[in-house]
Structure formats: C-alpha cells, structure tokens
Amino acid sequence: MSKRNTFIRQWDKHESGVIAFPSGARIRGRPIRYYKTSRNSPNHTACRGGVGRSGTELACIAILDGMDPVSALNFIRDTYHPRAAETPWQRWYISNFAPTPS
C-alpha cells in the first residue's frame, strides 16, 4: 500500500467503513487510529458514540487534506454521520482549525 498523504494511512477502496477524501486518501471512519501526529505516532480519539469527537477529528483531517472548514464539516456529515461534530464547541474548533501555524 502506498501513502499519498503523510497524515492518512491508505486503505483499500472496498474495505467497509472507509471514507475517501477528495485527494484520493482514504481513512477508516471509526475507530480513528491511523491519523499520524507530527512525531509519526498513532493517535486514537476516545468517543463514546463515535459521532462528536470522532466527527470533529475527521473534519480536521479533511482540512489537513486541503478542504476549508465549512466544506470539511459538510463532507464528513455527508460521508460519515449526519450529526458529526455535535456541539457548538466542536464546530468552533473545526472552524478555527488551521493546518499550519499562522
């Protein structure tokens, strides 16, 4: 399996529960275990329902993949879960998430 994006592990397109990002990168929607931090170590988000925090993290990964925050949230709600990023604070975090420090 090749990697196109250093942040996202590539998955087979026929694997269930896989979200395909516009860049062609794919990630398993739940649980999230394959997002790589800057130190290249796995990161796992604990989310009881798999909607709020998981949806927030997926939206931030979509931003890292090149989407703007509004499009990222809409994309995750369309492809992962309609209630992804449930709370106002989660939506605020997505809208203020920046892939690089400014």
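Quick note: to get the numbering used here, add 29 to the position in the sequence shown (first position is 1). Using N, Cα and C, we set each Cβ at its ideal position, and we do this for glycine too.
query: Host alpha helix (DSSP H) of V80 (start-end); result: That residue, V80, is in no alpha helix (DSSP H); it is neither H nor E in DSSP.
query: Cβ distance (whole Å) where I48 is taken to contact Y109 below 8 Å; result: 6 Å
query: Buried or exposed by the 16-neighbour rule on C-beta atoms within 10 Å, applied to T116; result: exposed
query: Buried/exposed call for R55, threshold 16 Cβ in 10 Å; result: buried
query: Euclidean distance between Cα positions of I90 and F50; result: 9 Å
query: 6 Å Cβ shell around R120 - same chain, five flanking residues per side excluded; result: A114
query: Which listed residue (R112, S100 and D97) has its alpha carbon closest to that of G81; result: R112
query: Close Cβ partners of P128 (< 7 Å) along its chain, the five nearest in sequence each way excluded; result: I92 and L93
query: Unbroken beta strand (DSSP E) run spanning A113, endpoints; result: Element bounds for A113: n/a, residue is neither H nor E.
query: Host alpha helix (DSSP H) of A49 (start-end); result: Segment V47 to A49 is the beta strand (DSSP E) holding A49; no alpha helix (DSSP H) there.
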